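Structure first, commentary second.
Protein chains: 2
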Amino acid sequence: MRGPNSNLRRDVPEASLRRLPIYYRSLQEMLLSGVAQVSCADLARILGLDPTQVRKDIEMTGIVGKPRVGYPLGDLVRWIENFLGWNRPKTAVLAGAGSLGSALLGYEKFRSHGMLIIAAFDIDPDKIGQRIHGREVQPLMFLPDFVRQAHTLVGVIATSAAAAQSVTDLMVSAGIRAIWNFAPAHIQVPERVILQNEDLYHSLASLSFKLESKMGVTPTGNGISYAEDN
Amino acid sequence: MRGPNSNLRRDVPEASLRRLPIYYRSLQEMLLSGVAQVSCADLARILGLDPTQVRKDIEMTGIVGKPRVGYPLGDLVRWIENFLGWNRPKTAVLAGAGSLGSALLGYEKFRSHGMLIIAAFDIDPDKIGQRIHGREVQPLMFLPDFVRQAHTLVGVIATSAAAAQSVTDLMVSAGIRAIWNFAPAHIQVPERVILQNEDLYHSLASLSFKLESKMGVTPTGNGISYAEDN
DNA sequence: TAGATTGTTAATCGATTAACAATC
DNA sequence: TAGATTGTTAATCGATTAACAATC
Chain P
1 MRGPNSNLRR DVPEASLRRL PIYYRSLQEM LLSGVAQVSC ADLARILGLD PTQVRKDIEM
61 TGIVGKPRVG YPLGDLVRWI ENFLGWNRPK TAVLAGAGSL GSALLGYEKF RSHGMLIIAA
121 FDIDPDKIGQ RIHGREVQPL MFLPDFVRQA HTLVGVIATS AAAAQSVTDL MVSAGIRAIW
181 NFAPAHIQVP ERVILQNEDL YHSLASLSFK LESKMGVTPT GNGISYAEDN
Chain D
1001 MRGPNSNLRR DVPEASLRRL PIYYRSLQEM LLSGVAQVSC ADLARILGLD PTQVRKDIEM
1061 TGIVGKPRVG YPLGDLVRWI ENFLGWNRPK TAVLAGAGSL GSALLGYEKF RSHGMLIIAA
1121 FDIDPDKIGQ RIHGREVQPL MFLPDFVRQA HTLVGVIATS AAAAQSVTDL MVSAGIRAIW
1181 NFAPAHIQVP ERVILQNEDL YHSLASLSFK LESKMGVTPT GNGISYAEDN
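Each protein sequence line maps, in turn, to chains P and D. Under my numbering, the first sequence is numbered contiguously, ending at residue 230. Under my numbering, the second sequence is numbered contiguously, ending at residue 1230.
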């Protein structure tokens, strides 16, 4: 599992990072069906993607394959896991125990992908003290001490948009080095902190625009062609 | 609100579509504080983005500004809304009334962004009949008829990964033209159908990789070396 | 050996960034 | 007028796609 890729960790395209989980999932399914070897061409065919792109992405992990054969399936799965860090558990704290936060606390699979949400925080007195999927919601003001004691590096934000920036600041000052932001807000973080936005309105914009383009709605907005309402 | 952009709707970079909501939100906040005019430079400064990029994105909407002045704030907000189609309501159906599905049903703001989830479906007998945020969960088998009757074009998938593809197929055969997929699965849709994936594991991969790169963890996985970055 | 697939290098494509003229 | 900002064109950058040699 050692490889010459320790310094290849730079220059990994965002797009490749986002595609690797797709391969990973598909490969895991194959594992169950007892396949031993897999080629990029196989994967591309199954997923309906470009074979060259699949190969480029997989090369990022540093695994070396055999021409004519491909990669041993189990090895490939482990190389991807290892490359993404999914085999090295990281603790995380959650701020915001609303419906989305609760849903996130219930995602058991995060654990097998190296992400352990070990505590939840909120400011709402009604929520504090509640147990959600085995974790008791604590007052937000306890977050910094908790983070420092647990050496937690990841903060998950599922608060309202209004609270997102101040919660971010609180996390960052407590030593959090990566923010996974689910609040619909553009938050600012220092250079040293990684920010991953999960903003539904970004995709809603994309979806909405593409649908209208495809359905032939003009953006003039004066006349709408479909019944429902306008 | 009319413009020469009716045929400019092609060739809009995905990245621009994802940034416009950021501007939109910031502009709406400005509206509340009574600002009348805004320039791209202003927006860029507030959001910490590149001014040229902001201008390029805003030009996509087709609005024309005044040199030295910028754009009338209210107009700009409306041009963005109109460009994204957020001022033209679209009905949607949801499949999967688990914790995530329920959270989505509770997002009131979708409505003001043109997205109306008017019905929810599930196969779980325990969920069917439940009311979630004012909508009664119906048996999944009722979905096709509902979609046809309501002329619904958007399907939201919040099922398990295992069910995602078959639910997609059901939706597509009923006439759905855009799928907003929250299930962690790579689903296939016909050419004519728009697919917007909201896969948490895509961002988890990116977050995880970047955090480890920054903290100096080698991907060999044998020893973890972070003492507080390198 | 023959041939499919890897690994790598080159070409293309598209988005971002920079430069600059037009304009209020 | 002077100067900031728009609108537009050009240059740069990076990712995707194509081509091809190496290899099992």
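Glycine included, C-beta positions come from ideal geometry on N, C-alpha and C. All values reported here derive from a predicted model rather than from experimental measurement.
Kindly indicate which residue of the options has the alpha-carbon position closest to the one of residue i.
i: R1019/D; options: L1032/D, P1051/D, V1035/D, Q1037/D; result: P1051/D
i: A41/P; options: L32/P, R88/P, Q53/P, G34/P; result: Q53/P
i: M60/P; options: V35/P, R88/P, Y23/P, Q37/P; result: Y23/P
i: I1118/D; options: G1034/D, P1089/D, L1195/D; result: P1089/D
i: I80/P; options: L94/P, A95/P, G62/P; result: G62/P
i: S1160/D; options: I1123/D, L1153/D, K1210/D, R1045/D; result: I1123/D
i: A205/P; options: A1162/D, S1099/D, A1205/D, W1180/D; result: W1180/D
i: K214/P; options: V1193/D, L1207/D, M1215/D; result: V1193/D
i: M30/P; options: V147/P, E14/P, V137/P, V77/P; result: V77/P
i: S208/P; options: S1208/D, L1195/D, L1207/D; result: L1195/D
i: W1086/D; options: P1190/D, G1129/D, R1025/D; result: R1025/D
i: V137/P; options: I46/P, P125/P, P190/P, P144/P; result: P125/P
Going by DSSP, name the residue or residues bridged to residue i.
i: K1090/D; result: M1115/D
i: K1066/D; result: G1070/D
i: F1182/D; result: According to DSSP, which records beta bridges pairwise, F1182/D is partnered with nothing at all.
i: G1155/D; result: V1093/D, I1179/D
i: E1014/D; result: Bridge partners of E1014/D: none, in fact.
i: R19/P; result: Looking at the DSSP assignment, R19/P forms no beta bridge with any residue, so it has no partner.
i: D1122/D; result: P1139/D
i: Q37/P; result: P72/P
i: L195/P; result: I179/P
i: I1132/D; result: R1135/D
Run the CB neighbour count on residue i, radius 10 Å, all protein chains shown included, and call it buried at 16 or more, exposed below.
i: R177/P; result: buried
i: K66/P; result: exposed
i: F142/P; result: exposed
i: G48/P; result: exposed
i: H1202/D; result: buried
i: Q1188/D; result: exposed
i: V1093/D; result: buried
i: E198/P; result: buried
i: V1217/D; result: buried
i: E1212/D; result: buried
i: Q149/P; result: exposed
i: A158/P; result: buried
i: D1057/D; result: buried
i: S173/P; result: exposed
i: H1113/D; result: buried
i: Q1028/D; result: exposed
i: K1109/D; result: exposed
i: E14/P; result: exposed
i: L32/P; result: exposed
i: A1103/D; result: buried
i: V1035/D; result: exposed
i: P1247/D; result: In the structure as shown, chain D begins at 1001 and stops at 1230. Residue 1247/D is therefore absent and cannot be evaluated.
i: G129/P; result: exposed
i: F155/P; result: At residue 155/P the sequence reads Gly, which differs from the Phe that was named. Counting Cβ neighbours within 10 Å, G155/P comes out buried, since at least 16 surround it.
Go through its chain and collect everything with a Cβ distance to residue i's Cβ below 6 Å, but skip five positions before and after it.
i: Y226/P; result: Residue placement at Y226/P is flagged as unreliable, the pLDDT there being 33, under the threshold of 50; the coordinate-derived value follows with that caveat. Same-chain partners within the cutoff: there are none.
i: A1044/D; result: P1051, V1054
i: T91/P; result: L116, I118, A150, T152
i: A164/P; result: I157, A183, A185, I187
i: P1144/D; result: A1174
To which residues of the same chain is residue i closer than 8 Å at the C-beta, ignoring the five residues directly before and after it?
i: Q1037/D; result: V1069, G1070, Y1071, P1072, L1073
i: D75/P; result: I63
i: K210/P; result: none
i: L1140/D; result: A1095, F1121, D1122, I1123, V1167, L1170
i: S1016/D; result: K1056, D1057, M1060
i: L1100/D; result: A1158, F1182
i: I46/P; result: S26
So, for residue i: in the same chain, excluding its five sequence neighbours on each side, which residues have a beta-carbon less than 7 Å away from its beta-carbon?
i: L200/P; result: P184
i: G1106/D; result: H1133
i: V1012/D; result: M1060
i: G98/P; result: A158
i: L84/P; result: L20
Contact list for the segment 199–220 of chain P against chain D, Cβ threshold 8 Å: Taken in chain order, the members of the segment 199–220 of chain P whose beta-carbon sits within less than 8 Å of a beta-carbon on chain D are D199, L200, Y201, H202, S203, L204, A205, S206, L207, S208, F209, K210, L211, E212, S213, K214, M215, V217, T218, P219, T220.
Positions along the segment 1026–1037 of chain D whose CB lies within less than 8 Å of some CB in chain P: S1026
Interface positions of the segment 104–136 of chain P facing chain D (Cβ-Cβ less than 8 Å), listed along the chain: G106, Y107, K109, F110, H113, G114, M115
Interfacial residues, the segment 1066–1087 of chain D to chain P, with Cβ spacing under 7 Å: N1082, F1083, L1084, G1085, W1086, N1087
Under 8 Å (Cβ pairs) to chain P, residues found in the segment 1158–1191 of chain D: Within the segment 1158–1191 of chain D, the qualifying residues are A1161, R1177, A1178, W1180, P1184, A1185, H1186, Q1188.
Contact residues within the segment 39–59 of chain P, judged by C-beta distance below 8 Å to chain D: So the close ones are L47, G48.
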